[in-house]
Every structure is written in C-alpha cells, then in structure tokens.
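All remarks here apply to the structure that follows.
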Amino acid sequence: MKKTIFRFLIFILLLIFGFITYLSTIGIKTKAFNDQIIKEVKKINNQLELDLDKISIILDPFKLKLVLKTIGANLKNKNKLIKLESVKSNIDIKTFINKKFSLSELDINTRTIEIKNLISFVRSIEDNPQIFILEKLVKKGYLIADINLKFDQRGNIKDDFIIKGFVKDGEVKPFKKIDLSKINFIFTIRNNEFEFKDINLSHDNYDLTFPELNIKKQKNKFLVSGKNNSKNLVLDNKKINKLLNIDFSNLKIKSAEFDLSNTFSFKIDNKYKIDDFKINSLLNLKNSKVVSSKNLKQFFPELNEIIELSDHQIQIEYKKDLLSIIGNGNALIQKENDNIKYNFFKSKKNLKFDTSLEIKKNPFHLNFLNYKKDQDDKLKIIILGVKNLLSNEINFKNISVKEKNNKFKIQNLSLSKKYKIKSFSGVDLSYFDNDLLKNDLSIKKKDNNYLLESKSFNATKIINDLLKTDKGSESKKIFSNDFKLDIKIKEAFLDKYHQIKNLDGYLTYKNSEVIDANLEGDFSNNQRINFTIRSTSNEKITTLYSDIAKPFVNRYKFIKGFEEGNLDFHSIKQNNISNSKLIIDNFKVQEVPALAKLLTLASLQGIADLLTGEGIRFTDFEMKFSNKNDLMRIEELYAIGPAISLLMEGYIEDDDLISLRGTMVPATTINRTISSIPLIGDILVGKKVGEGVFGVSFKIKGPPNELKTTVNPVKTLTPRFITRTLEKIKKN
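According to this note's numbering, the stretch in the sequence shown is residues -4 to 727, in order.
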C-alpha cells in the first residue's frame, strides 16, 4: 500500500514536472487572452486596435509569471497599419489565479517600417505641430524597433519604458540648402532620454560620423549633446557660403581639405529655439588655397597669387557668444613654406588676436624704411591687438619685427574704422638698411604730439616722399588726427656719402598732409640745408635750399656723375596744382644718356665725348614746371654752360609717356650770335663777329623705355633763346 501511494506521488510529481517543463519550453497556444491584451493596449490609447493571432503561453516558474507571445500582429488606427514582428507580455500568476488579469510588461518587436508611414500613423493618433514638421522634414528611411513597456497595477505605463532599434537609409532636409541622406544609426529611448550611437550620414557627397548623440529633457527644454567626426572634407568658397550663408568678400577661399572632430551641446525648446550652444572642435586642415591680397606685395615681393595653408592643427571653442580659435601650421606665401601661429578670441564687443609669422628663406621688405630681410636669416613678425566690434576700431598693442640684431616695434597703434592712424604710444627702430647704414630711432607720444629722436637715421626715403608730388589720393591719407612731430636727429643720412649733423625742426600734419615744416641741419665745412613748408587757406609753399645739390639730384637715376653745385627749390600749390621752380648753380654732369644721344645725333661728337669723359660744366640750371595728378608739365628748362646751352619744354605723364622738345646750341655759336647784336653784343661779348649761326632743335617722345629722338639743324635761334641767354649773362 505504501509503495502504491509512493509510486502515485512520484507519478503525480513527474506529471506536474513534465507539465511545467512543457509549459516552460513549448507552451500552449490559445485565443483566450486576446480580448484582455487588446483591452490593455487600448488603455495606452483608445484609438489603437491590436489584431492578434493565437497567443503562445509559456510559464516562467522562477518568476511565477506567464509569458504571452504572438507572432505577426498588426497595430491599427483607422486606415493606418503598422506590422509587428511579435508581441510579448508577462502576467503574474497570482493575478491570473484570482482572475484579475492585467499586463505587467509588454514587449513589441516591429518589422521593418517605413518612417514616413510610422509618422503618418502617429499623426492619426495625435496630431500636433511638431509631428507635422517632422513629417515634412523626413523624406525617406526605414526603422526597426524593440519596445518594452511596463505597467503598474492600474494598467498605466510606467516611466521606465525602453525603446531600442535602428534607422537605415534615412533622408532628411531640415533647410532648403541642406540635404542629409544615407542616415543610419542605433537608438535607445527612455523616459525623457534619447541616445543615438554610430550615426552615419551623407551631406553634399561627404560622409559624416557622429559616434554618439544624446538628448535629455530638462523641464521645458531638451539638452542635446554629442560627438562628430568627419574625414576628408573638401569645401570651396561656394560650398562654404552655401553651408554657412556667409559672404567671405574679403577672404576668397579656392578650396579647403580637412578632418574635423567636434564635441557639442545645446538646449532647444518646443519652439525650436536653440540656447546655450557649446562646441569644442579639433580641425586638421590638410590643405587650403586662398587668393592673396595685392596689398601684401609691398611686404612679400615674391608673393604667390594663391596662398597655400597646410598641416594646420586648429582648436575651436565656442560658448555663449565667446569664440576661441588657436592654431598653427605652414603658410606658402612665397616660394618656401613659413610657419604661422594664431590665437583669436571673440566676444560680443571685442575680437582679440595674437599672431606670429616666422619667415625662413623667403624675402621680406619694409620699403618705407628702406629695409630688406637677409635671405638666409630667420625673421619673426608678432602682431597682438584687439578690435572693437561695436566701433570697428583696432588697437594693435604690439607689432614687432625681429631679424637677428634688426628690430622694429610699434606699441598701442590705434586705427579708426577706416583704417587710419589715430595714435600710437611709441615706435622703436634699430636696424641696418639696404644702404648698410645704421638706423637708431624712437618716436614717443607727448600729449597729442610726438617727439622723434635718433642717433643715426637714413632720411633718404623721407626726403623723397616729402619732395614727391602729392596726388591727393585717399590711400596716402593715413592719419585720422592732426598732430605735430618734433624732430631731433644727431646724424641724418641723405645717401651713403652725405650726412647732416644735428637735423632739428618739426613737421605739422593736418588731414594727413604736412602743412607746416621747418628742418635745419649742417653739412661739413659750414654748409647748410633748410627745408620749410608754409600753408595758408589758399596755398601751400614749399622751399628747399641746400649748399650741396648732389644727394638730391642723385635721386634721378638717369643722371650720373653729378658734382658740385647748390640747389634752390621753390613750389606753390593751389587747387591741387603745384607750380615749382628749381635752380641749380655751378655744377657739372658726367653722364646723361638722353643728352649724350642728342649730342651724337647733332654731330657734336666733341662735346659728347666730353660728357662721358671729364663731364660738362653748367653755370646755371633753371626749371619751371607744374604738377597736377599724374601730369608733370615742364614750362621751361634752361641750362647754360661753357660748352653747351639748352632750352626745353614738354610734359611727362606718370610712367606712361614723355614728350619733350627744345633747342640745343654750342657755346661758341651763342657768343657769336650775341656779338652780332648791335651795341648789346659789343658790351657783353666784344667785337668778335661769327660767320653764320648754328644750332639744333630736337624732339624726344614715347614711353620711358622706348624713347624716340629726332634732331634738326637750325640756322636762326629763337628770340626766346637769345632773351634767356642775355638774362643769364646779365645776372652773372
């Protein structure tokens, strides 16, 4: 009896174990729970309808739950349909036994769903502006999702739901000019949190990668953060303008090839307003081509039309109207690569900049200071300053150029919004110039004026600029304020061989023009030099007197071997027209190519040989001329000497055209002609009467490098020539 009972119990246990095993592994299929599950789904949204086939019931003996699962379900709303791969749920056995059926958890696995159909399905349930906009932005794509929902005892969805899945071949067009395609990513959605990983997309034929992107709801806003990696991006000026909608009119970019890595975050509200945007970027600029500015040619004589930037490592940080850019790399400005470093910091009010350029084997010129860098030496340029973005004024706190023992430094240089000089606190120069002369100079600000002091300075360039015709162009008006410059130079060089001791005086500037000046100095042997400018409301008078004319005449390269003589220059400027008179007395000249050609064509070979030999002496030289813009009109140029005399007129149009004509007469002919004049000839020359009159007229015309010269003999000298000769003879 006991054995029978024991066997029965064993059989029952085995039967129960087998039943539990069968339910735990194979389960049973039934439609008994369909209505209950459909009712529970309707609790999520009353418009939803779930089309179920038979449900498989599998026992979970360890958790004391029944697992309900169906394959191939459909979720419907009106005429919209979403096909599901499977629906799975758990039911607590206690609630099942007590006939209190409720879902504790629901897992939904979708089939491949077209995203536009999914958005349309959601709109059929709950239509709002956000979903409408999303439907317009999304063009195509497919989605597969696994949805896990948990319910409380009342059947409400808990906040710990999880939706996982991936999107494939998506296409979005958020803006007219931006089309994002080939979008693929994995996503996880929790309550108020969205995680996206391994995002890959294509824009304008470029592949972009976002390793991660997170969205988290904070009150009425969403915090978006993520990372982005992009390789081998190539952009040109048009693509940059298209992407950023910015016109880089002052910076013409031909192309840019780079890798970009970003870490970013921002907040966005339900009206799509972005706030608190932050980004940290590392940009590896492999190569970029930029059209160079012609203004750089004066500093970089071998300037390329296209500047190439290569191997630049650039760090970019932006947050709340603050932008920081730090970078360095190669710059092919001329023939060899140079190294450039830069640091920009931009706020709402200011743009701070700190840049340096190291020039190695390339040339660098400061023509206004008569300086050229030694080709084999390194030179470093540092520019530090700040730009006021409200007024567009710039303050260069420090500009320095250094090459071995050559140093140039400007401090606190302030420029107006039109890039005119407002002021500076100091200038320090210490360098050897192109003439191998030492320059040691400083300019210090004193109140609203300045003091220039120098032990040694080559003033050739300054003298040339002061004597040049002022064409009144805006480009030469470099000062925005008026000021006075006091000058004290112990030794000033006019050229390599002529120096002035104790050059003192002042220059007064108004509207970037010297309106008042007085400079005085001493040559050796008690010889003086004086330069003055005086201005009234109607005219400007410029004078220059020098006991030594050579350093000024030598400025004209077509005259060589000029010796002796003093110079007296006087000019009056009215209504932008300068009328000037230049007098040089008692000098000789050894080589003037144009004059030598004239003498040869006139068959005056003896005088021509003299010109290229010991030189021709002139006792008097006087030129009256006027300047207006690019035109120099010579009213009269008269020179007289023991061997030859000249009378000439014409015009010179900048560097384009020269047109001159005149009369050239040997000195013997002049003497004979004057002696033939009754009474006057007897008094001035004596009774030596010549047998006939001889002279030549000439014309010189053409571009400076292609001048054509013609000569014709004349038998009679013009009254004007004779009159001018008599005036000179009387004066002497």
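Quick reminder that beta carbons are idealized off the backbone N, C-alpha and C, glycines included. Just so it is clear, the structure is predicted and the values come from calculations on it, not from any experiment.
According to DSSP, residues forming a beta bridge with residue i
i             : result
glutamine 308 : Asn279 and Asn323
arginine 529  : Ile536
leucine 793   : A query on residue 793 cannot be resolved here, the shown segment of the chain reaching from -4 to 727 and no further.
glycine 165   : Ile178
glutamine 569 : Ile572
serine 409    : Asn390 and Ser418
valine 82     : Thr65 and Ile103
leucine 364   : For leucine 364, which the question treats as bridged, DSSP gives no partner whatsoever.
serine 288    : Beta-bridge pairing links serine 288 to no other residue.
alanine 487   : Phe452 and Ile495
glycine 705   : At residue 705 the sequence reads threonine, which differs from the glycine that was named. Answer is Lys694.
leucine 76    : Lys71
glycine 657   : Met643 and Phe693
Distance between beta carbons of residue j and residue i, contact taken as under 8 Å
i              : j                 : result
glutamate 486  : lysine 450        : 7 Å
serine 507     : phenylalanine 474 : 4 Å
threonine 204  : asparagine 224    : 5 Å
aspartate 349  : glycine 324       : No, aspartate 349 and glycine 324 are not in contact; Cβ-Cβ is about 16 Å, not under 8 Å.
isoleucine 510 : lysine 535        : 7 Å
isoleucine 181 : tyrosine 137      : That belief does not hold up - the Cβ atoms of isoleucine 181 and tyrosine 137 are roughly 14 Å apart, past 8 Å.
isoleucine 753 : isoleucine 302    : The requested residue 753 does not occur in the structure, where the chain is confined to residues -4 to 727.
lysine 496     : aspartate 517     : 5 Å
asparagine 357 : asparagine 429    : Incorrect: roughly 17 Å between the Cβ atoms, too far for contact.
glutamate 631  : glutamate 648     : Between glutamate 648 and glutamate 631 the Cβ distance is about 18 Å, and since that is not below 8 Å, they are no contact.
isoleucine 335 : leucine 352       : 5 Å
Residue range of the alpha helix (DSSP H) that includes residue i
i          : result
lysine 545 : 545 to 548
Cβ-based burial, residue i [other Cβ within 10 Å; buried from 16]
i                 : result
aspartate 615     : buried
asparagine 195    : exposed
proline 708       : exposed
aspartate 499     : exposed
glutamine 329     : buried
isoleucine 269    : exposed
asparagine 383    : exposed
proline 698       : exposed
phenylalanine 127 : exposed
tyrosine 504      : buried
asparagine 533    : exposed
leucine 47        : buried
aspartate 333     : buried
glycine 67        : exposed
aspartate 147     : exposed
Distance CB(residue i)-CB(residue j) smaller than 8 Å
i                 : j              : result
lysine 75         : glutamate 44   : no
isoleucine 263    : lysine 216     : yes
lysine 247        : valine 219     : no
isoleucine 378    : isoleucine 389 : no
threonine 531     : asparagine 513 : no
isoleucine 639    : methionine 659 : yes
phenylalanine 359 : leucine 374    : yes
isoleucine 416    : leucine 408    : yes
asparagine 444    : lysine 472     : no
leucine 502       : isoleucine 484 : no
isoleucine 695    : leucine 652    : no
alanine 634       : leucine 626    : no
asparagine 186    : aspartate 154  : yes
lysine 177        : serine 197     : yes
Element boundaries [beta strand (DSSP E), containing residue i]
i                 : result
alanine 68        : Premise fails: alanine 68 is in no beta strand (DSSP E) and is neither H nor E.
threonine 183     : 173 to 185
serine 451        : 444 to 453
threonine 107     : Looking at the DSSP string, threonine 107 is not in any beta strand (DSSP E), and its letter there is neither H nor E.
aspartate 499     : 494 to 505
lysine 249        : 248 to 264
leucine 384       : That residue, leucine 384, is in no beta strand (DSSP E); it is neither H nor E in DSSP.
serine 475        : Taken as a continuous stretch (DSSP letters only), serine 475 belongs to no beta strand (DSSP E), as it is neither H nor E.
serine 220        : 216 to 230
asparagine 209    : 201 to 213
alanine 634       : 626 to 635
serine 640        : 639 to 648
asparagine 520    : First-last for asparagine 520: undefined, no H or E at that position.
phenylalanine 339 : 333 to 341
asparagine 728    : Here the chain has residues from -4 to 727 only, and residue 728 is not among them.
glutamate 44      : 44 to 46
phenylalanine 294 : Neither: phenylalanine 294 is in no beta strand (DSSP E) and is coded neither H nor E.
Any non-hydrogen atom of the ligand ADP closer than 7 Å to residue i Cβ
i            : result
arginine 106 : The model on display carries no ligand, and the ligand ADP is accordingly not part of it.
Chain B contact for residue i (CB, 8 Å cutoff)
i                 : result
phenylalanine 518 : No chain B appears in this structure, which consists of one protein chain only.
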